[in-house]
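Enquirer: Counting in the numbering used here, the sequence shown runs from 77 upward without gaps.
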Amino acid sequence: MSHNTFGKLFRVTTFGESHGPAIGCVIDGCPPLIPLTEADIQAELDRRRPGQSRFVSQRREPDTVRILSGVFQDERMKQQVTTGTPIALLIENVDARAKDYGDIRDKFRPGHADYTYWAKYGVRDYRGGGRQSARETASRVAAGAVAAKVLASLYKNVRIRGALIQVGTEKIDRKRWNWNEIARNPFFCPDAKSAAQWEVYLDGVRKRGSSVGAAVEVVAEGIPAGLGAPIYGKLDADIASALMSINAVKGVEIGAGFATAAMSGEDNADEMRKGARGKPKFLSNHAGGILGGISTGQPIVARFAVKPTSSILTPRRTIDTSGHDTEIATKGRHDPCVGIRAVPVGEAMLALVLADHALRHRAQMGGR
Ligand SMILES: Cc1cc2nc3c(=O)[nH]c(=O)nc-3n(C[C@H](O)[C@H](O)[C@H](O)COP(=O)(O)O)c2cc1C
């Protein structure tokens, strides 16, 4: 398979399958002298790891990352830094249970990628879904942690955060939004009351052997005006593509997104006033921090919809690899709501796009 590389200057190539010996990535184009340790990356991986609550897959993967190359420290240096050479990151798979997947060897799960991989390649690693498994997203989160360090080295006070804003039919109340709540519940939910209600709601979904979709919001603060390159390197287009590339994502919006269809020009326009240090002050942010494909200096805001997990216990009609009608009920360890663990993945993809664009901006504009 080709097309496993992401980014133009900050380039990430991921490799590995769900039930292979390991997954990982190679990052090429990372600038030198950026402080980087395994602990920096591990902290982010720990947020995406399965098995941390009853609302996610019970697969027990420690997701311990090893940096194989691209960093250096000797006795004269205070800390380990990147060298500007390829950074290889390795995460071993230690809890793969291929026997859980015997049933899907010859049958296609409706809603999953079993049929399309088979139709395209004529061969399919069905163990845990092979390369189509969201296990691959651990590599993205690892690379995203490095991208975040690159951004921090370029811009003061940059912060990229994500939140789960809807689970199935249950939405948060945005008036109760508190970023501090994210770390206090198993959902990355910024609304404590909704998080408590989701426990009951998702227990019901899980016990029925069913699944639900979700919506995630990601926000990047501290990104200056100027990132993004019209016409075919627009920042919003690249963010949309990156978020859409996450497994199970079926919709992406930037800023007010689909709500702009019902707005008037007066309501939608983000009015401007004279701000501090010669910079504008925007009175709203319907644009989600991007105009003409270029960042405005406001927070960059994107949302994405994640479909319900397709591997469910309820029998569904399907066909087998010989083309016969049959039924399938998927056993194995699956996330009842994959949107939960998609939150750190969304943050990572946003960090990767922004780091790539920051380097592209510097390449064209120098210090400007
Ligand atoms: C964090 C995460 C975990 C996932 N876990 C599962 C899972 O346990 N079972 C499943 O059927 N799909 C899971 N998915 C979704 C599938 O990987 C995805 O639906 C499949 O690859 C087909 O691709 P598509 O939905 O993007 O078309 C997960 C997705 C994410 C983002």
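For each residue, glycine too, the CB sits at the ideal point set by N, CA and C.
Keep in mind that this is a model prediction, so the values were computed, not measured.
Is it a yes or a no for the segment 362 to 371 touching the segment 290 to 308, going by three-plus beta-carbon pairs under 8 angstroms?
Expert: Flag = yes, the segment 362 to 371 and the segment 290 to 308 touch.
Enquirer: Rounded to whole angstroms, what is the Cα-Cα separation between Gln-242 and Thr-397?
Expert: For Gln-242 and Thr-397, the distance between alpha carbons rounds to 36 angstroms.
Enquirer: Should Lys-407 be counted as a contact of ligand 1 given a C-beta to heavy atom distance under 8 angstroms?
Expert: Lys-407 Cβ: outside cutoff for every heavy atom of ligand 1.
Enquirer: With 16 other CB atoms within 10 Å as the buried threshold, where does Trp-274 fall?
Expert: Its Cβ being crowded by 16 or more others within 10 Å, Trp-274 is buried.
Enquirer: Have a look at Val-414 and Phe-91 and give me their C-alpha separation to the nearest angstrom.
Expert: Their backbone Cα atoms lie some 21 angstroms apart in a straight line.
Enquirer: At a cut-off of 8 angstroms, would you count Arg-438 as near ligand 1, judging by its Cβ distance to the nearest heavy atom?
Expert: It does not: the Cβ of Arg-438 is nowhere closer than 8 angstroms to a heavy atom of ligand 1.
Enquirer: Out of Val-199, Val-234, Ser-229, Ser-317, point me to the one whose CA is closest to Met-425's CA.
Expert: The residue with the shortest Cα to Cα distance from Met-425 is Ser-317.
Enquirer: Quick check: the Cα distance between Ile-395 and Ile-236, rounded to an integer number of angstroms?
Expert: Approximately 43 angstroms between the Cα atoms of the pair.
Enquirer: Of all the options Lys-269, Leu-230, Glu-93, Asp-346, which has the alpha carbon lying nearest to the alpha carbon of Asn-465?
Expert: With the chain running from 77 to 444 in the structure shown, residue 465 is simply not present.
Enquirer: Could you give the residue range of the alpha helix (DSSP H) that holds Lys-447?
Expert: Absent from the model: residue 447. The displayed extent of the chain is 77 to 444, so no value can be given.
Enquirer: Can you tell which of Ser-340, Ile-366, Ala-259 has the C-alpha that lies nearest to the C-alpha of Lys-310?
Expert: With distances taken between Cα atoms, Lys-310 lies closest to Ile-366.
Enquirer: Near Ser-387, what residues of its chain come up, given a Cβ to Cβ distance below 7 angstroms and the 5 sequence neighbours on each side ignored?
Expert: Only Arg-185, His-188, Thr-406, Gly-408, His-410 meet the Cβ criterion.
Enquirer: If you measure from the CB of Ile-322, is any heavy atom of ligand 1 nearer than 8 angstroms?
Expert: Within the cutoff, so yes.
Enquirer: In the structure shown, what three-state DSSP assignment does Pro-111 receive?
Expert: In the structure shown, Pro-111 sits in a strand (DSSP, three-state: E or B).
Enquirer: Note the first and the last residue of the continuous beta strand (DSSP E) segment covering Glu-31.
Expert: Coverage of the chain is limited to positions 77 through 444, which leaves residue 31 absent and any answer about it impossible.
Enquirer: Return the chain-ordered list of same chain residues with a C-beta closer than 6 angstroms to the C-beta of Phe-334, the five sequence neighbours on each side being excluded.
Expert: None.
Enquirer: Just reading off the beta strand (DSSP E) that Asp-104 is part of, what are its end residues?
Expert: Residues 98 to 104.
Enquirer: Judging by CA-CA distance, which residue of Asp-267, Gly-422, Ile-248 is the nearest neighbour of Phe-256?
Expert: One detail in the question is off: residue 256 reads as Asn in this sequence, not Phe. Closest by alpha carbon: Asp-267.
Enquirer: What residue ranges within the segment 133 to 208 form continuous alpha helix (DSSP H) runs of no fewer than 4 residues, ordered along the chain?
Expert: If we require 4 residues or more, the alpha helix (DSSP H) runs fully inside the segment 133 to 208 come out as 190 to 197.
Enquirer: Hey, Ala-98 and Glu-212 are a contact pair by Cβ (cut 8 angstroms); roughly how many whole angstroms apart?
Expert: About 12 angstroms separates the two Cβ atoms, so there is no contact after all.
Enquirer: Using 9 angstroms as the threshold, is the C-beta distance between Asp-171 and Glu-137 below it?
Expert: Yes.
Enquirer: With a cut-off of 8 angstroms on the beta carbons, I'd call Val-147 and Val-157 a contact; round off their distance for me.
Expert: The Cβ separation is near 7 angstroms, so the contact holds.
Enquirer: Could you name the residues of the same chain whose beta carbon sits closer than 8 angstroms to that of Leu-428, not counting the 5 residues immediately before and after it, in chain order?
Expert: Phe-82, Gly-83, Phe-86, Val-88, Arg-216, Ala-219, Gly-220, Ala-223, Ala-318, listed in sequence order.
Enquirer: Using only CA atoms, which one of Cys-106, Lys-251, Thr-385 lies nearest to Ala-418?
Expert: Per the Cα distances, Thr-385.
Enquirer: To the nearest angstrom, report how far apart Ala-164 and Gly-105 are at their CA atoms.
Expert: Answer to the nearest angstrom: the Cα atoms are 12 angstroms apart.
Enquirer: Please classify Ile-416 as buried or exposed, where buried requires at least 16 other C-beta atoms within 10 Å of its C-beta.
Expert: With 16 or more Cβ atoms within 10 Å of its Cβ, Ile-416 is classed as buried.
Enquirer: Taking 8 angstroms as the cut-off, is the CB of Gln-374 close to at least one heavy atom of ligand 1?
Expert: It does not: the Cβ of Gln-374 is nowhere closer than 8 angstroms to a heavy atom of ligand 1.
Enquirer: Does at least one heavy atom of ligand 1 sit under 8 angstroms from the Cβ of His-95?
Expert: No; taking the cut-off as 8 angstroms, the Cβ of His-95 has no heavy atom of ligand 1 nearer than that.
Enquirer: Restricting to runs no shorter than 3 residues, where is the beta strand (DSSP E) found entirely within the segment 199 to 279?
Expert: As far as the segment 199 to 279 is concerned, its whole beta strand (DSSP E) runs of at least 3 residues are 235 to 243.
Enquirer: Give the DSSP bridge partners of Ile-330, in chain order.
Expert: Looking at the DSSP assignment, Ile-330 forms a beta bridge with Ala-378.
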